[in-house]
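Visitor: Residue 134 is where the sequence shown starts when you use this note's numbering, and the numbers rise one by one after that.
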Amino acid sequence: MRGVTLDPRTVGFLAAGGLAVAGTMAGQLGATSATTFAAGTAAGTATAIFLTLMLLTAAAASAASNRLAARWGTLKTFGWAQGGVAASWTIAGVIEAVTDSSLLVLFLAAPVFGVFSGVTAVLTPFACRSYVNAGSMTDAVAKRSAVSGVAAILGSVIGGYVIHVTAPGIGIVANGLLTIPLAIFILFVRPGGAVTAPRVTIHAARAVVAALRSDRNLRRLAVLVAAFMLFVVPMVGMLVPILDDLDHSPLPSGAGLMLGGIAAGRLLVPGIVRWLRPRYREFTAAVRAAVATAAFMILFAISAVPSFTDADLVIWTVIGIGIGASRFTTRAIMTGAASSSMGPGMDMLGVTALVLIGAVASPVGYLVWGPMIDLVSAPVTILVAAAAMIAVGLILGRAARRA
134 MRGVTLDPRT
144 VGFLAAGGLA
154 VAGTMAGQLG
164 ATSATTFAAG
174 TAAGTATAIF
184 LTLMLLTAAA
194 ASAASNRLAA
204 RWGTLKTFGW
214 AQGGVAASWT
224 IAGVIEAVTD
234 SSLLVLFLAA
244 PVFGVFSGVT
254 AVLTPFACRS
264 YVNAGSMTDA
274 VAKRSAVSGV
284 AAILGSVIGG
294 YVIHVTAPGI
304 GIVANGLLTI
314 PLAIFILFVR
324 PGGAVTAPRV
334 TIHAARAVVA
344 ALRSDRNLRR
354 LAVLVAAFML
364 FVVPMVGMLV
374 PILDDLDHSP
384 LPSGAGLMLG
394 GIAAGRLLVP
404 GIVRWLRPRY
414 REFTAAVRAA
424 VATAAFMILF
434 AISAVPSFTD
444 ADLVIWTVIG
454 IGIGASRFTT
464 RAIMTGAASS
474 SMGPGMDMLG
484 VTALVLIGAV
494 ASPVGYLVWG
504 PMIDLVSAPV
514 TILVAAAAMI
524 AVGLILGRAA
534 RRA
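(1) Between the C-alpha atoms of residue 522 and residue 321, what's the straight-line distance to the nearest angstrom?
(2) By Cβ distance, which residues of its chain are closer than 6 Å to residue 373, with the 5 residues on each side in sequence left out?
(3) Once you ignore the five residues that flank residue 250 on each side, which residues in its own chain have a CB closer than 6 Å to its CB?
(4) Cutting at 6 Å between CB atoms, please list the residues of its own chain near residue 375, excluding the five before and the five after it.
(5) Consult DSSP for residue 264 and reduce its assignment to one of helix, strand or coil.
(6) Out of 460, 197, 186 and 432, which has the shortest C-alpha to C-alpha gap to residue 516?
(7) Return helix, strand or coil for residue 371, following the three-state DSSP convention.
(8) Could you tell me the boundaries of the alpha helix (DSSP H) in which residue 463 lies?
(9) Given that a residue counts as buried once 16 or more other Cβ atoms are within 10 Å of its Cβ, and exposed if not, what is residue 408?
(10) Candidates 147, 229, 189 and 255: which alpha carbon is nearest residue 200's?
(11) Fully enclosed by the stretch 289 to 359, which alpha helix (DSSP H) runs are 4 residues long or longer?
(12) According to DSSP, is residue 509 part of a helix, a strand, or is it coil?
(13) Measuring alpha carbon to alpha carbon, tell me which of 224, 292 and 438 ends up nearest residue 239.
(14) Under 8 Å, with one C-beta from each stretch per pair, do the stretch 408 to 418 and the stretch 289 to 299 reach the 3-pair mark?
(15) Assuming residue 227 is part of the alpha helix (DSSP H), what are its boundary residues?
(16) Report whether the distance from the Cβ of residue 394 to the nearest heavy atom of the ligand NAP is below 8 Å.
(17) Grab me the residues of residue 258's own chain with a C-beta within less than 8 Å of its C-beta, minus the 5 sequence neighbours each way, in chain order.
(18) Is it right to say residue 205 is buried, meaning 16 or more other beta carbons lie within 10 angstroms of its own, or is it exposed?
(19) Locate the alpha helix (DSSP H) running through residue 404, then write down its first and last residues.
(20) When you compare only the Cα positions, how much space is there between residue 217 and residue 534?
(21) Taking all protein chains shown into account, decide if residue 299 is buried (16 or more other Cβ within 10 angstroms of its Cβ) or exposed.
(22) How big is the Cα-Cα spacing for residue 135 and residue 466?
(23) Quick check on the burial criterion: 16 or more other C-beta atoms within 10 angstroms. Buried or exposed for residue 324?
(24) What does a CB cutoff of less than 8 Å around residue 188 pick up in its chain, not counting 5 residues either side in sequence?
(25) Starting from residue 428, trace the alpha helix (DSSP H) both ways and give me its first and last residue.
(26) Per the contact definition of three or more C-beta pairs closer than 8 Å, is the stretch 445 to 453 in contact with the stretch 390 to 409?
(27) Can residue 308 and residue 157 be called in contact, C-beta distance under 9 Å?
(28) Kindly indicate the opening and closing residues of the alpha helix (DSSP H) around residue 147.
(29) Can you tell me whether residue 508 is buried or exposed? The criterion is at least 16 other CB atoms within 10 Å of its CB, across all chains shown.
(30) Going by the beta-carbon positions, is the gap between residue 211 and residue 260 smaller than 9 Å?
(31) Where do the N-terminal and C-terminal ends of the alpha helix (DSSP H) with residue 396 fall, by residue?
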């Protein structure tokens, strides 16, 4: 648009971050394809175990992120954590590509992946706000989500195809290599906006628990976050075993196309956020977006029951756009609400609370989703989870209106 210029540092951050997001999608497809192929009829359970191992260490690392950022600096900690992502995924991918011990390699690597992902999950919104220099945390995350959506589409579609014609380990390596530019950029380029300097908190987990005890609004947000991680988020992480349960073939490229649809939904997030924010409080907007995500999940489950042969993937990809738009809108709004939930100067601790609660709830969700997919079916699992999310959303929405 004429007359509007972007700071080169903003462009650089978004470009490097886009490469990292593309790598994340390829890495997710590679890792979950490897566990699915190696586990056979127990694909859902094996994938759930891998993701659970990763999320448990992510929970511990997220609790320490505030202290690490206070000691070493927010951006320096974030940059080195991204470097850890690059190194760990590259090494694991190479080993995976040259050996036949897929499950052992990934189960051993998962806790290492989790340590770095836990730190980056807490610090990414603050790096984003510094480089994008938006008016609020919600706006910064929403704007990055649109750019990341394009990268995620490319990473999902291209990554799925490459994994299909080569091997899952190549997707894992791609995640490591494509994260290197972001790590270098963060460590050597200062942002145009202010950098968050967190207060030193010795025991972040204790501070979060104390805040939950004293603040009813934060408790409601915590319940929403936990429900979202239990009932909604596992669907995307378990997409490869879900399509495997539906006997879809070819598996990696099919999952890549649907993940591309979900990623395309991210492009709509800034517009949806702009429409929601003047009309609803942040918590109410997040509840509505979460319920909308569950509604699209129900559409997917229903569409997966009959056999549409060649048309099924097209239908699922279109539904995926709705899932992605509502899912990432929910995440952007919840991140903004968390950053302002604990008072001035405590925004990083608020986001730590969000990530910590999510990291504790997610393993439970995956450990339920995985065996249910194997023992019952993917459509039934998705229907039950979506119905549970809608029920929680209705209860929380009613409680918020009364308050």
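All C-beta atoms in this analysis are idealised placements derived from N, C-alpha and C, irrespective of residue type, glycine included.
Guide: Working from what's here:
(1) 43 Å
(2) 165, 166, 169 and 388
(3) 191
(4) 511
(5) helix
(6) 432
(7) coil
(8) 445 to 472
(9) exposed
(10) 255
(11) 301 to 321 and 337 to 347
(12) coil
(13) 224
(14) no
(15) 207 to 231
(16) With respect to the ligand NAP, the structure offers nothing, as it holds no ligand at all.
(17) 270, 273, 274, 468, 472 and 484
(18) exposed
(19) 402 to 409
(20) 44 Å
(21) exposed
(22) Low confidence applies here, because residue 135 scores a pLDDT of 45, under 50, leaving its location unreliable and the question unanswered by this model.
(23) buried
(24) 247, 492, 495, 496 and 499
(25) 415 to 437
(26) yes
(27) yes
(28) 141 to 172
(29) exposed
(30) yes
(31) 384 to 398
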